[in-house]
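Report on the following structure.
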Amino acid sequence: MMRQDAWTEEEDVLLAETVLAFVREGSTQLRAFEEVGKKLSRTAAACGFRWNAYVRKTYERELELAKQQRKKKKEPQPSERDMTLQDVISFLQTLQQRGEGKQEIEQLRQQVCTLQKEKEELEKQLQALQQEYKAIMHILERARQLSV
């Protein structure tokens, strides 16, 4: 079963091309994530996570080439002092969303454990009921044989 919000190959390509273009032009990856997020109706954090967790590994060479092209253009990379308030807010929101995602994962793991224990208990109950059923059927069969 595929997740409804699973990334498609086309979305991965759009993410990669946008990030590489932004890097080439001397912009930040965060701005690329924001732009892709708007196009795909996803958060910038989701785009950043997908880039770092999966897509970047596929595009390592292209990313290095984009960085070299940026250096050749001699466009200064924005320093931390050049960050806007919106950049800082976006960064902090990304960090917060990652933390919330970790909490959600832990809650889901706990829920899986609880459900596994419940399943095991239900299987034990089923097995006990099946044994009782067999015993009753055996008693009924013997009673039928005695009455004949």
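The opening position of the sequence shown corresponds to residue 77 in the working numbering, with each subsequent residue numbered one higher. The C-beta atom is built at its ideal place from N, Cα and C for all residues, glycine as well. Given the structure is predicted, the values throughout are model-derived calculations rather than measurements.
Please report how far the alpha carbon of residue i lies from the alpha carbon of residue j, in whole angstroms.
i: residue 206; j: residue 193; result: 20 Å
i: residue 88; j: residue 131; result: 6 Å
i: residue 189; j: residue 146; result: 49 Å
i: residue 159; j: residue 185; result: 38 Å
i: residue 218; j: residue 179; result: 59 Å
i: residue 224; j: residue 208; result: 25 Å
i: residue 140; j: residue 86; result: 22 Å
i: residue 101; j: residue 138; result: 14 Å
i: residue 200; j: residue 182; result: 27 Å
i: residue 169; j: residue 98; result: 21 Å
i: residue 108; j: residue 149; result: 19 Å
i: residue 198; j: residue 191; result: 10 Å
i: residue 221; j: residue 202; result: 28 Å
Determine the contact status of residue i and residue j, defining contact as a CB-CB distance below 7 Å.
i: residue 94; j: residue 111; result: yes
i: residue 142; j: residue 96; result: yes
i: residue 123; j: residue 91; result: yes
On the three-state DSSP scale, how would you describe residue i?
i: residue 81; result: coil
i: residue 117; result: coil
i: residue 124; result: helix
i: residue 104; result: coil
Output the boundary residues of the alpha helix (DSSP H) element that contains residue i.
i: residue 129; result: Here residue 129 belongs to no alpha helix (DSSP H), and DSSP marks it neither H nor E.
i: residue 213; result: 161 to 223
Using CA coordinates, which residue listed in the options is at the minimum distance from residue i?
i: residue 171; options: 182, 113, 211, 125; result: 125
i: residue 119; options: 214, 173, 195, 213; result: 173
i: residue 104; options: 212, 83, 166, 211; result: 166
i: residue 83; options: 106, 107, 100, 127; result: 127
i: residue 162; options: 201, 106, 99; result: 106
i: residue 81; options: 215, 211, 117, 213; result: 117
i: residue 176; options: 114, 79, 121; result: 121
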